[in-house]
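Trainee: First the structure, then my questions, so here it is.
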Amino acid sequence: MFKSRKVHKEDVWDGVVIDKSQGMTDGSNLFHYVEVRLQDGTVKKVRVEKALWESLGAGDRLVKEAGTTAPVKAPR
Numbered sequence: 003m004f005k006s007r008k009v010h011k012e013d014v015w016d017g018v019v020i021d022k023s024q025g026m027t028d029g030s031n032l033f034h035y036v037e038v039r040l041q042d043g044t045v046k047k048v049r050v051e052k053a054l055w056e057s058l059g060a061g062d063r064l065v066k067e068a069g070t071t072a073p074v075k076a077p078r
């Protein structure tokens, strides 16, 4: 079954990047993903834009606020 990794406007979360990956899940487009350990300990895999994906590394903090279309890298 297909599970969307797209970030939605109403999503709210804060977490630390634990892994990065990329893949051609639809067979023709390359998508970029990060796995984020949220503050409650759960792990969430989300799709992000290439520029953000390239700037992230393990241990970086991502914040997604309500009303925004994408998470942002939080300053250290």
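For the sequence shown, my numbering gives the first residue as 3, with consecutive numbering after it. Glycine included, each C-beta is placed from N, C-alpha and C at the ideal position.
Between Pro-73 and Val-50, which are expected to be in contact by the criterion C-beta below 8 Å, what is the C-beta distance as a whole number of angstroms?
Mentor: For this step, residue 73 is matched to residue 71 along the sequence shown. For this step, residue 50 is matched to residue 48 along the sequence shown. Contact flag correct, Cβ pair sits at about 7 Å.
Trainee: What does the Cβ neighbour count give for Met-3, buried or exposed, with the cut at 16 atoms within 10 Å?
Mentor: Taking the sequence shown and counting its residues from 1, one reaches residue 3 at position 1. Low local confidence applies: a pLDDT of 49 at Met-3 is under 50, so the model's placement there is unreliable, with the coordinate-based value given in what follows. Burial call: exposed.
Trainee: Could you have a look at Leu-32 and say whether DSSP puts it in helix, strand or coil?
Mentor: The residue you call residue 32 lines up with position 30 of the sequence shown. Correct three-state label for Leu-32: coil.
Trainee: Is DSSP giving Lys-75 helix, strand or coil here?
Mentor: Taking the sequence shown and counting its residues from 1, one reaches residue 75 at position 73. Reduced to three states, the DSSP call for Lys-75 is strand.
Trainee: Going by DSSP, what residues sit across from Ser-23 in a beta bridge?
Mentor: Along the sequence shown, one-based indexing puts residue 23 at 21. DSSP lists Tyr-35 as partners of Ser-23.
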